[in-house]
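Visitor: Have a look at this one before I ask anything.
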């Protein structure tokens, strides 16, 4: 992938997004910084994040997930509207880890958000899985910080499905909504499998449909059950901090008419108050940044390892040994020896 | 995942598979070693591979891939039969990276290979994506070495599809067959996208069907085209060594009747002679082991990084700094400081 950028150019974009005053130029600079991070990964992000980090920590980050057909996009749009009406600045990232298609705001976004598309306090951006350097979850974390420095009050991360990459993405959210409309049969199973741990609020969208109350009842039963089991808090297993004392409320909404969206926002507010009052907010942030750091370290270590193995001349001697198939020349033993080169090159 | 094993037990399995004489007991020990690698990842593999590595390097590894419905399994069965009839010892690993279901020989395997299932020179095993430590491609590499030490003459790795994990798996093969039967519309596109680089022989299976000759012609046209473009040999991009001078033959087969399977085997033999005569075999093996080493180093480095970030007490001070959102306390800058702890702990 060819990257067209210079440090000066990056600097000019950073200067622009730091400005208090919103403008089309500022929005464009934001879009370009995001594209740079999407294409250049942690290599580029490390030129950007340190310069803007002191401007971050303000935005409230809301994660929204749900299967295709759950009305997730329409509901996101409604939520964004409400925050905009409150005079807040709202940014939306629509992440689709299953799509190989890329960035920029997609046509679909423009259409569904057309009411607000020209609102200077509103920004929307799609991100998809294009084999990003460092991964999509990592790029999303970086982008969230850029949006935070851009003075967003609310950052909504909307994503499809229940995979590991979504769960990774939601580690960055303050409050995560999981949408499970009536009639999507297997949904409940899917929630059990992984989303339970990241859900702060359940949303039964399309509440006008048959089965909405049944779905609410199912979720409540599941929550009763969940309260009585112990979730192992094994941090290396990358689980999200569990907030004891917070039982995810189940809110029925209608994303099309906007019914109950204010109720949903009230619950989001309650959840954030809960996080602040109990101090769980800090645990979540600690957890978030530990994972962020692990990903950064991983990225650069792996990059260095690849550089050594694929470019260091000495490696060929080691490979020669391996090809002899002699005792002691197996890839595991030889890797130990290469680790020494690694140490000499990067740690001495 | 609970692992039931002791070093003594591993040792007894290793001793068994080293025996020259084939037996049910030896086969069972092999199956258990594979299960241990599947469940325990590189942690366990590093106890096994160094002990058997001097017995490896003999087996010829054949990769077979094709979309579901391509008749891949039936053809694999035919190929295995032919090698068994030649008095060779044949092992098959059926890898399905898209399936979350697991290991052991699946019922399907038993059925389709029932003719040979009790043959002491035949072994078959399924591997699926169960979130293996170190990844499925890595586990497959380890397992190939165990099968090699088990004195397999031929190891067939059969896998579905065209994803990156399949491409990683085929880096281990001497000869890779790509099956594209007539009538699977988008197949050609998929091949263009990634498999081209790993294909040594194209197989148009189900040759009795309409469109077989058309498919052969399409592939030949594609190969004409490919000969005239330059593939960048960027090793860090994890491409497979390109063998100039070898144009993948296109072989029509009928996996059900076995028609042309001997012709296919002849071509496999030709390909392996080509690799040996030109010296490309050595380049492929160098490439294979470089990737193997990168994966081993990655696995252990990442494991150590996670250990530091999630268990080292000092980390909390760094996280505290990050949460201050001060200049210089961003995750990228702090990661640099943590790298120092990493150095002190593992490299001094």
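Residue numbers (this note's numbering), protein chains in the order written: chain A, 3 to 350; chain B, 3 to 350.
In this text, a Cβ means the ideal position worked out from N, Cα and C, and glycines have one as well.
(1) Assign residue 208 of chain A to one of three DSSP states: helix, strand, or coil.
(2) Would a check of beta-carbon distances place residue 62 of chain A closer than 8 Å to chain B?
(3) Which residue wins for smallest C-alpha separation from residue 223 of chain B, given the options B:73, B:250, B:208?
(4) By the three-class DSSP mapping on this structure, what secondary structure does residue 309 of chain B have?
(5) Please return the same chain residues whose Cβ sits closer than 6 Å to the Cβ of residue 238 of chain A, not counting the five positions on each side in sequence.
(6) Compare the Cα-Cα distances from residue 304 of chain A to each of B:297, B:308, B:310 and report the closest residue.
(7) Run through DSSP, which three-state label would residue 107 of chain A get?
(8) With a threshold of 8 Å on Cβ separation, who are the neighbours of residue 58 of chain B within its own chain once the five nearest residues in sequence on each side are excluded?
(9) Could you have a look at residue 349 of chain A and say whether DSSP puts it in helix, strand or coil?
(10) Which residues mark the beginning and the end of the alpha helix (DSSP H) in which residue 149 of chain A is found?
(11) Is the Cβ-Cβ distance between residue 338 of chain B and residue 181 of chain B less than 8 Å?
(12) Can you find a C-beta in chain A that's less than 8 Å from the C-beta of residue 321 of chain B?
(13) Alpha carbon to alpha carbon, what distance is there between residue 330 of chain B and residue 13 of chain A?
(14) List the endpoints of the continuous alpha helix (DSSP H) containing residue 93 of chain B.
(15) Per the contact definition of three or more C-beta pairs closer than 8 Å, is the segment 271-284 of chain A in contact with the segment 254-262 of chain B?
(16) Would you say residue 291 of chain A lies against chain B (beta-carbon separation less than 8 Å)?
(17) Using CA coordinates, which residue listed in B:173, B:313, B:301, B:342 is at the minimum distance from residue 293 of chain A?
(18) Taking 7 Å as the line, does the beta carbon of residue 216 of chain B fall inside it for any heavy atom of the ligand SAH?
(19) Going by Cα to Cα distance, which pick from A:288, A:321, A:295 is closest to residue 318 of chain B?
(20) Using 8 Å as the threshold, is the segment 198-207 of chain A in touch with the segment 86-96 of chain A, meaning 3 or more CB pairs across them?
(21) Unbroken alpha helix (DSSP H) runs of length 4 or more, entirely within the segment 316-346 of chain A: which are they?
(22) Measure the alpha-carbon distance for residue 340 of chain B versus residue 276 of chain B and round it to whole angstroms.
(23) Compare the Cα-Cα distances from residue 141 of chain A to each of A:198, A:50, A:344 and report the closest residue.
(24) What first and last residue would you give for the alpha helix (DSSP H) that runs through residue 20 of chain B?
(25) Is residue 175 of chain B closer than 8 Å to residue 16 of chain B when the C-beta atoms are compared?
(26) Grab the span of the beta strand (DSSP E) containing residue 57 of chain A for me, first residue to last.
(27) Taking residue 328 of chain B as the query, report the chain A residues whose CB atoms sit under 7 Å from its CB, ordered along the chain.
(28) Consider the Cβ of residue 325 of chain A: report whether some Cβ of chain B lies at a distance smaller than 8 Å.
(29) Does the beta carbon of residue 174 of chain A come closer than 8 Å to any beta carbon on chain B?
(30) Buried or exposed, going by whether 16 or more other CB atoms sit within 10 Å of the CB of residue 122 of chain A?
(31) Quick one: grab the DSSP three-state call for residue 162 of chain A.
(32) Have a look at residue 105 of chain A and residue 93 of chain B and give me their C-alpha separation to the nearest angstrom.
(33) Using 8 Å as the limit for Cβ to Cβ distance, is residue 148 of chain B near chain A?
(34) Which residues in the same chain as residue 170 of chain A place their Cβ atom closer than 6 Å to its Cβ, once the five residues preceding and following it in sequence are excluded?
(35) Please name the residue in A:98, A:153, A:260, A:302 whose C-alpha comes closest to that of residue 209 of chain A.
(36) Do you know whose CA, among B:61, B:158, B:118, B:328, lies nearest residue 128 of chain B's CA?
Guide: If we stick to the structure as given:
(1) coil
(2) no
(3) B:250
(4) helix
(5) Unreliable placement is indicated for residue 238 of chain A, whose pLDDT of 33 sits below 50; the coordinate value is still reported in the next sentence. Around residue 238 of chain A: no qualifying Cβ.
(6) B:297
(7) Below a pLDDT of 50, predicted positions are generally treated as unreliable, and residue 107 of chain A, at 46, falls in that range; the measurement from the model is reported next regardless. Note: residue 107 of chain A maps to coil in three-state DSSP.
(8) 147, 150, 151
(9) coil
(10) 138-151
(11) no
(12) yes
(13) 17 Å
(14) Residue 93 of chain B -> not in any alpha helix (DSSP H); beta strand (DSSP E) instead, spanning 92-98.
(15) no
(16) yes
(17) B:313
(18) Questions concerning the ligand SAH fall outside what the structure shown contains, since it holds no ligand whatsoever.
(19) A:288
(20) no
(21) 317-325
(22) 50 Å
(23) A:50
(24) 9-20
(25) no
(26) Careful: residue 57 of chain A lies outside any beta strand (DSSP E) and carries neither H nor E.
(27) 56
(28) yes
(29) no
(30) exposed
(31) strand
(32) Summary for residue 105 of chain A: the model assigns pLDDT 48, below 50, so the residue's position carries little reliability, and this model does not support an answer.
(33) no
(34) 139
(35) A:260
(36) B:158
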